[in-house]
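Q: Handing you a structure now.
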Amino acid sequence: MPLTKRIAVLAGDGVGQEIVPQAVSVLEAVAKRCGHTFTCVYGPVGGEAIDKTGMPLPPETLTLAKGSDAVLLGAVGGPKWEGLNYEQRPERALLGLREQLGLFGNLRPAKLYPELADASTLKREVIEGIDLLVVRELTGGIYFGKPKGIERTEAGLRGINTEVYTEEEITRIAHVAFTAARKRRRLVTSIDKANVLESSELWRQVVTEVHRQYPDVELRHMYVDNCAMQLIRNPRQFDVLLTTNLFGDILSDEAAMLTGSIGMLPSASVGATVGMYEPIHGSAPDIAGKNVANPIGMIASVAMMLRYSFDLEQEAESIERAIQAVLAQGYRTQDIASPGTTVVGTTEMGARILDHLQAGDR
Ligand code: NAD
């Protein structure tokens, strides 16, 4: 059924300005092909917004995001704004958007395109075929728990952070993981440290309870230290990895590196109603403005938006197939180039993916 959706497009800084137009072209092509109406509305964010309004997340941009069905974000930050105090820096915009949109879950897929197996530091036979999704709780746990701080005691200074999770926080992120698993291979591995931490004991209990509503999905539990090893030893055993804020921060970076390049990977932040989709990399000031940035992580973020916010699985897959087809033809941006491949710039990579997508019709 044709859908009508409104998407807030926030390109931001550095390479964000170059990769977002490629992603929007892909989105428009999908809309045209499948009869959907996607209206893009644009707003400044990050350093771009500071230059225009003095604020990294101006109220107009926030209103735009809140009034949309999903947000597509490029990247924020750069040396120009590094001298500003913490509250005024471009990166604050991300925290503001997460908080204001109630984004409590972060989804990070790590999928290896077979053509890029040599870009990984691990052996081909270990990483071939990996296709996993880390579901990380984003607004609770030790990063936010209280008490926190550094205090002076008679014995010297003492640093404190508190790992705390409520049943409600665990329940809602568990639903995100089980729902995502239903769009995949139907296996959730919940990661905790229940042999040592009480908060993990509760995590395990609640995840097990929520699982009763998803009898078609398999649930396994694994300790975080074992998971860190298994990701390198046998990553193909995982489908969806469900975990806390702290463990997810670390494991999602580990999983990302299995696939080789930071420019390839998308992410989604989900919560109440409006999801936010962005590549995992930053504004890459060292290569910005040179038409060399890899747009694939950004374009794959559009696929995630179609899958998770709009439930358009076939449209999402058509984008992923187009990416794979262009890689199979040997085209690479410089970050993923290897001997024998053809190096192309940001715009040409985007145009070739678009061509494949449009050719799907013929
Ligand atoms: P970065 O991700 O921007 O870049 C790290 C390295 O990866 C650089 O060598 C860069 O050239 C390369 N790279 C990144 N994206 C690429 C792409 N699409 N194609 C090819 N190569 C790519 O991280 P950084 O250099 O640590 O940070 C730069 C700025 O971005 C900082 O201001 C930082 O705060 C900000 N940042 C923003 C986000 C975000 O917007 N979500 C995330 C991380 C960092």
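In this note's numbering, the protein residues as written are 30 to 391. All C-beta atoms, glycine included, are put in the ideal place defined by N, C-alpha and C.
1. Count the other CB atoms within 10 Å of the CB of Lys-177; is the residue buried (16 or more) or exposed (fewer)?
2. Looking at C-beta atoms only, is the number of pairs between the region 198-210 and the region 266-278 that lie closer than 8 Å three or more?
3. Between Asp-390 and Arg-62, what straight-line distance do the alpha-carbon atoms span, to the nearest angstrom?
4. Give the single residue among Gly-374, Asn-274, Ala-78, Gly-379 whose Cα lies nearest to the Cα of Arg-137.
5. Might you give, ordered along the chain, the residues of its own chain that have their beta carbon closer than 6 Å to the beta carbon of Arg-1, omitting 5 neighbours on each side?
6. Using a Cβ distance threshold of 8 Å, determine whether the region 38-45 contacts the region 68-81, with at least three qualifying pairs required.
7. Is the closest heavy atom of the ligand NAD to the C-beta of His-310 under 7 Å?
8. Span of the beta strand (DSSP E) holding His-250?
9. Can you round the beta-carbon distance between Leu-126 and Met-305 to whole angstroms, since I take them to be within the 8 Å contact cut?
10. How far does the beta strand (DSSP E) with Glu-166 in it reach, from first residue to last?
11. DSSP on Asn-255, reduced to helix/strand/coil?
12. Does Ile-179 pass the burial test, meaning 16 or more other C-beta atoms within 10 Å, or should it be called exposed?
13. Ordered along the chain, which non-local residues of its own chain (more than five positions away) have a Cβ less than 6 Å from that of Glu-198?
14. Where do the ends of the alpha helix (DSSP H) carrying Gly-277 lie?
15. Once the 5 residues before and after Leu-335 are set aside, which same chain residues still bring their CB inside 6 Å of it?
16. Can Glu-157 and Gly-134 be called in contact, C-beta distance under 8 Å?
17. Of the choices Thr-33, Lys-109, Gly-72, Tyr-115, whose alpha-carbon is the least far from that of Ala-313?
18. Pick from Glu-377, Leu-383, Ala-301, Tyr-115: whose alpha carbon is nearest that of Gly-131?
19. What did DSSP end up calling Gly-304 once you bin it into helix, strand or coil?
20. Give me whichever residues DSSP pairs with Cys-63 in a beta bridge.
21. In chain order, which continuous runs of the alpha helix (DSSP H) of length 4 or greater are located wholly inside the region 309-379?
22. With a 10 Å radius around its C-beta and 16 neighbouring C-beta atoms as the bar for buried, classify Glu-47 as buried or exposed.
23. What would DSSP say about Arg-391, mapped onto helix, strand or coil?
24. Need the endpoints of the alpha helix (DSSP H) that Leu-3 sits in, please.
25. If we count Cβ pairs, one from each stretch, closer than 8 Å, do we get three or more for the region 215-233 versus the region 250-257?
26. Out of Gly-292, Ala-317, Ile-316, Val-303, which one is the CA nearest neighbour of Ala-329?
27. Excluding the 5 residues preceding and the 5 following Ala-257 in the sequence, name in chain order all residues of the same chain whose CB lies nearer than 8 Å to its CB.
28. I believe Met-327 touches Ala-60 by the beta-carbon criterion, under 8 Å. Please report the beta-carbon distance rounded to the nearest angstrom.
29. Output the boundary residues of the beta strand (DSSP E) element that contains Thr-33.
30. From the DSSP output, in three-state form, read off Phe-173 for me.
31. Quick one: grab the DSSP three-state call for Ser-229.
A: Here's the rundown:
1. exposed
2. yes
3. Because Asp-390 sits at a pLDDT of 49, beneath the cut-off of 50, its placement in the model cannot be relied upon, and the following sentence gives the value as read from the coordinates. Taking the straight line from one Cα to the other gives about 7 Å.
4. In terms of CA proximity to Arg-137, Asn-274 leads the group Gly-374, Asn-274, Ala-78, Gly-379.
5. Outside the shown range of the chain (30 to 391) lies residue 1, about which nothing can therefore be said.
6. yes
7. yes
8. 247-252
9. Contact between Leu-126 and Met-305 holds, since their C-beta atoms are separated by about 6 Å, short of 8 Å.
10. 160-166
11. helix
12. Flag for Ile-179 reads exposed.
13. Here the set comprises Gly-169.
14. 274-287
15. Leu-341, Glu-344, Ala-345
16. no
17. Lys-109
18. Ala-301
19. Strand.
20. Cys-63 is not bridged to any residue.
21. 325-337, 342-357
22. buried
23. Only weak support is given to the placement of Arg-391: the predicted model assigns it a pLDDT of 46, under 50, and the value that follows is read from those uncertain coordinates. Three-state DSSP puts Arg-391 in coil, outside helix and strand.
24. Here the chain comprises residues numbered 30 to 391, so residue 3 is not present and cannot be evaluated.
25. yes
26. Distances from the alpha-carbon of Ala-329 to those of Gly-292, Ala-317, Ile-316, Val-303 put Gly-292 closest.
27. Ile-279, Leu-280, Glu-283
28. No, Met-327 and Ala-60 are not in contact; Cβ-Cβ is about 17 Å, not under 8 Å.
29. 33-41
30. coil
31. The three-state secondary structure of Ser-229, taken from DSSP, is helix.
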